[in-house]
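Visitor: Questions regarding the structure given below will be posed in turn.
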Amino acid sequence: MDQFHDIRPYNDDEVAGVLQNLVNTPDFIDTIVGFKFTKWPKWTRGFLATVVKHVLQKEVRKVDSVHAFQMLVADYMERMIKTTTSNVEYRGIEKLSKKEGYLFLSNHRDIAMDPAFVNYGLYLNGLNTVRIAIGDNLLRRPFVSDLMRLNKSFIVKRSVNGVREMMAAFGQLSDYITHSLTHEHSNIWIAQKEGRAKDGLDQTDPAIIKMFYMSQKKQKIAFPEAMQNLKIVPVSISYEYDPCAFDKARELHEKSTKGSYQKAEFEDIDSIRKGIVGRKGKVIVTFGDVIDHNCATPDEMVAEVDRQIIGSYAIQATNKAALKLLNGEASGDSVFDEYMSNCPQELREAVLRMYANPLIQQQERSL
287 MDQFHDIRPY
297 NDDEVAGVLQ
307 NLVNTPDFID
317 TIVGFKFTKW
327 PKWTRGFLAT
337 VVKHVLQKEV
347 RKVDSVHAFQ
357 MLVADYMERM
367 IKTTTSNVEY
377 RGIEKLSKKE
387 GYLFLSNHRD
397 IAMDPAFVNY
407 GLYLNGLNTV
417 RIAIGDNLLR
427 RPFVSDLMRL
437 NKSFIVKRSV
447 NGVREMMAAF
457 GQLSDYITHS
467 LTHEHSNIWI
477 AQKEGRAKDG
487 LDQTDPAIIK
497 MFYMSQKKQK
507 IAFPEAMQNL
517 KIVPVSISYE
527 YDPCAFDKAR
537 ELHEKSTKGS
547 YQKAEFEDID
557 SIRKGIVGRK
567 GKVIVTFGDV
577 IDHNCATPDE
587 MVAEVDRQII
597 GSYAIQATNK
607 AALKLLNGEA
617 SGDSVFDEYM
627 SNCPQELREA
637 VLRMYANPLI
647 QQQERSL
């Protein structure tokens with residue numbers, strides 16, 4: 287019996303059927319058309335949908351495995367990198383072994399691109415791609431769930447109600463992660479806390495660490511040994527420019543001025559789109575060291591993850607320029623000044639803090 291059937295990625299023997307269902311799903315085709323042809327007149331949408339469906343049917347005809355699907359994704363990834371980044375750099379990846387399964391615990395800036403950049407680095411270096419943790423709050427449209435699970439994503443049930451149901455969901459998730467790492471030696475990517483760090487402050491949620499431990503705790507394995515079994519590697523992702531920065535700042539501004547923020551129905555999908563097609567400048571992904579020493583408690587593990595993520599965060603010119611502007615100095619960066627000239631005045635401080643906070647965190651830790 288497949289105890290993970292409702293959260294796991296799709297298997298090879300499921301890929302062809304899922305793809306055929308996708309290309310025959312009008313909502314999926316319409317979304318692709320809207321994504322690729324935003325500036326085209328609405329009266330062309332019907333014709334474009336027919337063309338897109340035909341092209342997709344041809345592309346997926348020979349895709350019969352997860353690996354084949356990811357090779358298709360890799361082609362799109364290469365095109366995206368060429369058009370939206372100035373450079374992508376990987377640091378520390380040479381420390382990883384092809385024989386091990388790692389739990390990459392990452393800071394979180396972009397819904398789709400964070401694990402995508404980690405995946406691409408692993409792919410380029412001949413390592414296995416990751417199984418990606420994704421919250422079910424992002425899967426309101428069925429085709430999104432199918433796409434993610436084709437790309438080795440597994441589902442985190444955040445929307446369950448009730449303490450008993452929540453504990454059962456976390457238990458299943460913990461079992462799946464432990465099984466993937468210790469039995470199948472598969473790599474896992476998961477964010478250090480629920481949701482993106484919209485303020486630029488990277489902090490690990492202790493609940494994540496406690497969830498990791500649930501599976502091995504049932505087997506009476508001590509916490510330090512359990513953490514060593516998971517081979518946790520902190521990952522720090524740094525974007526020179528965040529395509530969703532102004533949107534994040536608007537959410538923070540509304541929460542601070544109105545007390546709450548109400549997301550639009552498909553706002554997360556729009557954030558995914560902006561993250562993919564938006565300007566990112568230089569992207570630097572830094573892989574930390576496997577945490578293989580004794581961390582006796584979840585709090586000690588949190589402290590070590592935060593130390594590595596914050597300490598290895600690659601400071602960009604935008605981080606330095608933002609901090610100067612916050613301090614009332616000239617930024618010394620005309621490109622960043624031009625970027626900030628497009629920022630609404632009421633969001634200016636939130637955006638500057640978003641960019642400056644990684645540098646501030648590093649400076650505070652060095653005192």
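Counting from 287, one number per residue, gives the positions in the sequence shown under the working numbering.
Think of the CB as a built atom: it goes at the ideal place given N, C-alpha and C, for glycine as much as any other residue.
These numbers were taken from a predicted model, which means no experiment stands behind them.
#1: In angstroms with no decimal places, state the Cα-to-Cα distance between Thr330 and Lys496.
#2: With a CB to CB cut of under 6 Å and the five nearest residues on each side skipped, what residues in its chain are close to Pro584?
#3: Can Ile476 and Ile293 be called in contact, C-beta distance under 8 Å?
#4: Please classify Asp361 as buried or exposed, where buried requires at least 16 other C-beta atoms within 10 Å of its C-beta.
#5: Can you look up Asp298 in the DSSP assignment and give me helix, strand or coil?
#6: Answer with yes or no whether the minimum CB distance from Asp350 to chain B is below 8 Å.
#7: Going by C-alpha to C-alpha distance, which of Gly545, Met366, Gln649 and Glu540 sits closest to Lys322?
#8: Taking the beta carbon of Lys549 as the centre, do at least 16 other beta carbons fall within 10 Å, making it buried, or is it exposed?
#9: Quick check on Met287: does DSSP put it in helix, strand or coil?
#10: For Pro428, count neighbouring Cβ atoms within 10 angstroms of its own Cβ and tell me buried if that reaches 16, exposed if not.
#11: Should Met287 go down as buried or exposed, given a rule of 16 or more other Cβ atoms within 10 Å for buried?
#12: What does the Cβ neighbour count give for Glu624, buried or exposed, with the cut at 16 atoms within 10 Å?
#13: Can you give me the start and stop residues for the alpha helix (DSSP H) that Asn605 sits inside?
#14: What are the uninterrupted segments assigned as alpha helix (DSSP H) that are 4 or more residues long and contained completely in the stretch 358-415, given in chain order?
#15: Report the rounded CA-to-CA distance for His394 versus Val449, giving the unit in angstroms.
#16: What's the gap between the Cα of Thr324 and the Cα of His579?
#17: Asp313: which of Ile577, Lys385 and Val338 sits nearest, CA to CA?
#18: Report, in whole angstroms, the separation of the C-beta atoms of Gln631 and Gly597, which I expect to be a contact under 8 Å.
#19: Secondary structure at Tyr462, three-state DSSP: helix, strand or coil?
#20: For Leu334, which residues from the same chain have a beta carbon less than 7 Å from its beta carbon, with the 5 sequence-adjacent residues on both sides left out?
#21: What are the boundary residues of the beta strand (DSSP E) that includes Ile523?
#22: In whole angstroms, what separates the C-alpha of Pro644 from that of Tyr527?
Guide: In brief:
#1: 52 Å
#2: Pro492, Ile495 and Lys496
#3: no
#4: exposed
#5: helix
#6: Absence of chain B from the displayed structure is noted, only one protein chain being present.
#7: Met366
#8: exposed
#9: With a pLDDT of 48 at Met287, under the threshold of 50, the modelled position of this residue cannot be trusted; read the value that follows with caution. Of the three classes helix, strand and coil, the one that applies to Met287 here is coil, per DSSP.
#10: exposed
#11: Any reading at Met287 must be qualified, since the residue scores a pLDDT of 48, below 50, and its modelled position is unreliable; the value itself is stated next. Exposed, since its Cβ has fewer than 16 Cβ neighbours within 10 Å.
#12: exposed
#13: Ala603 to Leu612
#14: 399-410
#15: 26 Å
#16: 51 Å
#17: Val338
#18: The Cβ separation is near 34 Å, so there is no contact.
#19: helix
#20: Val319, Phe323 and Trp326
#21: Ile518 to Tyr525
#22: 13 Å
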